[in-house]
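One structure is given here, and the rest of the page talks about it.
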Amino acid sequence: MVSVTFPDGAQRQFPEGVTGFEIAQGISPSLAKRTVAMALDGVVVDLADPIKTDARIEFLNREDPRALELIRHDCAHVLAEAVQTLWPGTQVTIGPVIENGFYYDFFRETPFTPEDFVAIEKKMREIIARDAPLTKEVWSREDAVSFFEKKGEAFKVELVQSIPGNEDLKIYKQGEWLDLCRGPHMTSVGKIGSAFKLMKVAGAYWRGNSDNPMLSRIYGTAFARQEQLDAYLKQIEEAERRDHRRLGREMDLFHFQEEAPGAIFWHPKGWTLFQTLVAYMRRRLSGDYQEVNAPQLMDKSMWEISGHWGWYRENMFMSKSAGDDTEDERTYAIKPMNCPGHVQIFKHGLRSYRDLPLRFAEFGIVHRYEPSGAMHGVMRVRAFTQDDAHIFCTEEQLAAECLKINELILSVYNDFGFGKILVKLSTRPEKRVGTDAMWDHAESVMMRVLDEIKAKHGDVIETALNPGEGAFYGPKFEYVLRDAIGRDWQCGTTQVDFNLPERFGAFYISPTSEKTPPVMVHRAICGSLERFTGILIEHFAGHMPLWIAPVQVVVATITQEADDYAYELIAAMRKRGLRVDADIRNEKINYKVREHSLAKVPVMVVVGKKEAQEKTVSIRRLGSQAQTSMTMEEAIAALIDEATPPDVKRANA
RNA sequence: GCCGAUUUAGCUCAGCCCGGUAGAGCAACCGCUUCGUAAGCGGUAGGUCAUCAGUUCGAUUCUGAUAAUCGGCACCA
Numbered sequence: 000m001v002s003v004t005f006p007d008g009a010q011r012q013f014p015e016g017v018t019g020f021e022i023a024q025g026i027s028p029s030l031a032k033r034t035v036a037m038a039l040d041g042v043v044v045d046l047a048d049p050i051k052t053d054a055r056i057e058f059l060n061r062e063d064p065r066a067l068e069l070i071r072h073d074c075a076h077v078l079a080e081a082v083q084t085l086w087p088g089t090q091v092t093i094g095p096v097i098e099n100g101f102y103y104d105f106f107r108e109t110p111f112t113p114e115d116f117v118a119i120e121k122k123m124r125e126i127i128a129r130d131a132p133l134t135k136e137v138w139s140r141e142d143a144v145s146f147f148e149k150k151g152e153a154f155k156v157e158l159v160q161s162i163p164g165n166e167d168l169k170i171y172k173q174g175e176w177l178d179l180c181r182g183p184h185m186t187s188v189g190k191i192g193s194a195f196k197l198m199k200v201a202g203a204y205w206r207g208n209s210d211n212p213m214l215s216r217i218y219g220t221a222f223a224r225q226e227q228l229d230a231y232l233k234q235i236e237e238a239e240r241r242d243h244r245r246l247g248r249e250m251d252l253f254h255f256q257e258e259a260p261g262a263i264f265w266h267p268k269g270w271t272l273f274q275t276l277v278a279y280m281r282r283r284l285s286g287d288y289q290e291v292n293a294p295q296l297m298d299k300s301m302w303e304i305s306g307h308w309g310w311y312r313e314n315m316f317m318s319k320s321a322g323d324d325t326e327d328e329r330t331y332a333i334k335p336m337n338c339p340g341h342v343q344i345f346k347h348g349l350r351s352y353r354d355l356p357l358r359f360a361e362f363g364i365v366h367r368y369e370p371s372g373a374m375h376g377v378m379r380v381r382a383f384t385q386d387d388a389h390i391f392c393t394e395e396q397l398a399a400e401c402l403k404i405n406e407l408i409l410s411v412y413n414d415f416g417f418g419k420i421l422v423k424l425s426t427r428p429e430k431r432v433g434t435d436a437m438w439d440h441a442e443s444v445m446m447r448v449l450d451e452i453k454a455k456h457g458d459v460i461e462t463a464l465n466p467g468e469g470a471f472y473g474p475k476f477e478y479v480l481r482d483a484i485g486r487d488w489q490c491g492t493t494q495v496d497f498n499l500p501e502r503f504g505a506f507y508i509s510p511t512s513e514k515t516p517p518v519m520v521h522r523a524i525c526g527s528l529e530r531f532t533g534i535l536i537e538h539f540a541g542h543m544p545l546w547i548a549p550v551q552v553v554v555a556t557i558t559q560e561a562d563d564y565a566y567e568l569i570a571a572m573r574k575r576g577l578r579v580d581a582d583i584r585n586e587k588i589n590y591k592v593r594e595h596s597l598a599k600v601p602v603m604v605v606v607g608k609k610e611a612q613e614k615t616v617s618i619r620r621l622g623s624q625a626q627t628s629m630t631m632e633e634a635i636a637a638l639i640d641e642a643t644p645p646d647v648k649r650a651n652a
């Protein structure tokens, strides 16, 4: 007998091996009918699974949040059946649930197109309407291999063979069709319902490896109810509206063109935005960091020493004199990173332990030959600016430096309105340099730091471990921020480096007069400033806080009679440092309001005959229909206060 | 880099299937209008149809190559 505990706390005895379905049926047939799966001690399993040990039981209906994954997974199976019915000979591979939906990878001569979706969805609805029960069988390895071989499912055969011998080989059947699957699944395909949609097609490598064949992937999503699907589709539209490439055009920030793939043409407004960000970051460095600048072109030997020429040459640009009969035949590399330059500055002159920690910062422009398919607006480009810094310190100073960097990163993110931050510690990878003792030491230091920042900032920080994901030269922290619509962006990073100072022969003189290689910490807060600008645009949906907005105020006139007053206002505002544009065109105020709203100008100051006479202004804020009237002086004071960057405000407080 | 799609006026898009050298809306420019918070009215101008080849009497249209972009995959020191 097994003892089963129900959610209300009641306990009942059942014969060992009783299924969830039998228990539900015993309680009431309607419960059994609406239950799609069960959870045993919190683990979701098939309702038809036998219960062999004492357990807490919960019956899941399709509205249960935990059932969503099942709906999507079942839907992936139905998608696969539909595709194989429509195009016999198509091979199935895997079809997992992912965030916001599912996909299924197929192998087929001609890839699918979105035009195929109509037919596939129709077939899927037919299959769901048939409502075949989903039943599980455990097969032997041999049976499974010979079955899939006979069907010509080479990928499934490979999957079967890769499942460890101690695991059951589970086959889920839905009527005639079956698939190898870990499960769990709902009781029947009819439970999927109708709130599903195929989203897009894409190529994807078998097992995620670019040496493997390319498969045709179909993405889809499914929800328990149609309203949820509709809400999700709306959210996608919202994300499209926020797309920085679209806003970049609408707000006239930047453009790209064919002659410079992966490089940004910043327009005046975009460059103002970018430089506002740089100015802010520069202020945040003062006192602790020394800003430096290292050459854009250096002889390739520099990169041979650093190791990059060997490891990353494919992703580097190089440059030579363009002259036909120049004597200079040297090959220069365009810097893909700033560290070697900073090591040279460190090495210039003899350093004492008394000089440490030494913190060199650079807004370093780097070029990397990114794969053509990786480029994405300003988010992934081939020429970008890092808010980079390298800290040279002693072993003893390492923990304190990591903590100091952490404080700065969190403070910066907070100033831009990012609330939730994830800090991941990536530890030693397979391929690495340095002794195990060094890694042990560094990892234990960083683990301690991680615990400390978690204890101190637990309200905004979540921490995680990323085993084996460290850089080859040392462990690292990665800072991931979450934007307004819940997307995660990895921006900041703190990396400990045992390797580079030694490669370049950098050292300092210790208290006992010994040459000692310093510990080097690489650190970036925004990462790529171009990308960070893009993230800010999407995070704020173009509606930038006043202190970052490239154009903070537009003064718009209603009639010509207010022109002189408008000029007076603009002069007064500019004098106090506000970024103001004038709109004295002969257009209706409706037209002007519409245009500047679309251009996402945060503040419109509207002046007509009345305001000119009374020396007042009518203020309209972006995203609001309301108008506030106040005197010119009140308005300027309020705007200046709001336009003061948060760090300057703190300093003034 | 790989799979698929796309590329026509500053922007958004039609025309291409069925070859006879282009069309709309918005923006721009010029007038008129001086107007109270998301598109006033009229007119004008603007395109070697991404590039290079091929087929053809003739190519924006058909074929091929190249480039860029988009959606994924892979990559991201």
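Going left to right, the first sequence walks through residues 0 to 652 as numbering that gives the first Met the number 0 numbers them.
The C-beta atom is built at its ideal place from N, Cα and C for all residues, glycine as well.
When secondary structure is reduced to three states using DSSP, F345 falls in the helix class.
In terms of CA proximity to R65, P183 leads the group P183, M631 and N465.
The beta carbon of E290 is closer than 6 Å to those of A360 in its chain, skipping five residues each way along the sequence.
By the criterion of a C-beta distance shorter than 7 Å, V277 is surrounded in its chain by F362 and L528, once the five residues flanking it on both sides are discounted. Every beta strand (DSSP E) stretch that sits fully inside the stretch 200-251 and reaches 3 residues is listed by chain position as 213-221.
Residues T89, F105 and I119 of the same chain have their beta carbon placed closer than 7 Å to that of V82, with the five preceding and five following residues left out of the count. Counted as a single uninterrupted DSSP element, the beta strand (DSSP E) harbouring A463 occupies residues I460 to N465. Looking at the DSSP output, S410 bridges to nothing. The continuous beta strand (DSSP E) containing Y331 extends over residues Y331 to I333.
As the crow flies, the alpha-carbon of E369 is around 21 Å from that of E477. The stretch 576-586 makes no contact with the stretch 610-621, as fewer than three CB pairs between them are under 8 Å. Residues of the same chain with a CB within less than 7 Å of the CB of F273, apart from the 5 flanking positions on each side, are W265, L528 and T532 in chain order. Within the model, the alpha-carbon separation for Q559 versus R584 is close to 9 Å.
Secondary structure within the stretch 373-422: the alpha helix (DSSP H) runs of 4 or more consecutive residues, fully enclosed, are 397-414 (chain order). Secondary-structure assignment with DSSP links N60 through a beta bridge to T34. Using a C-beta cut-off of 8 Å, the stretch 68-75 makes no contact with the stretch 224-244, since fewer than three inter-stretch Cβ pairs fall below that distance.
G363 sits in a strand when the DSSP states are folded into three classes.
Within the same chain, Cβ atoms closer than 8 Å to the Cβ of N99 are found at T220 and Y231, the five residues on either side in sequence being excluded. DSSP, read as helix, strand or coil, puts W86 in coil.
Here DSSP, grouped into helix, strand and coil, assigns R530 to helix. In this chain, the beta strand (DSSP E) harbouring K135 covers L133 to W138. Where I170 is concerned, there is no enclosing alpha helix (DSSP H), although the beta strand (DSSP E) around it starts and stops at L168 to Q173.
Within the same chain, and ignoring the five residues on either side of G526 in sequence, the residues whose Cβ sits closer than 6 Å to its Cβ are C490. Annotated as proximal: P517 and C392, with beta-carbon spacing under 8 Å. Here V520 is bridged, per DSSP, to I390 and V495.
CA-to-CA, the gap between R530 and E125 works out to about 46 Å. DSSP, read as helix, strand or coil, puts Y507 in strand. Assigned with DSSP and collapsed to three states, D115 falls in helix. The C-alpha of V605 lies about 22 Å from the C-alpha of K268. Three or more beta-carbon pairs drawn from the stretch 401-416 and the stretch 448-465 are found closer than 8 Å, and the two stretches are therefore classed as touching. In the three-state DSSP reduction, I484 falls in the coil class, being neither helix nor strand.
With respect to V3, R11 sits close: the two C-beta atoms are nearer than 8 Å. With fewer than three CB-CB distances shorter than 8 Å, the stretch 244-255 does not count as touching the stretch 615-626. Per DSSP, the continuous alpha helix (DSSP H) segment holding M446 begins and ends at D435 to H456.
Assignment of beta-bridge partners to H595 by DSSP yields no partner. DSSP places D646 inside the alpha helix (DSSP H), whose first and last residues are P645 to N651.
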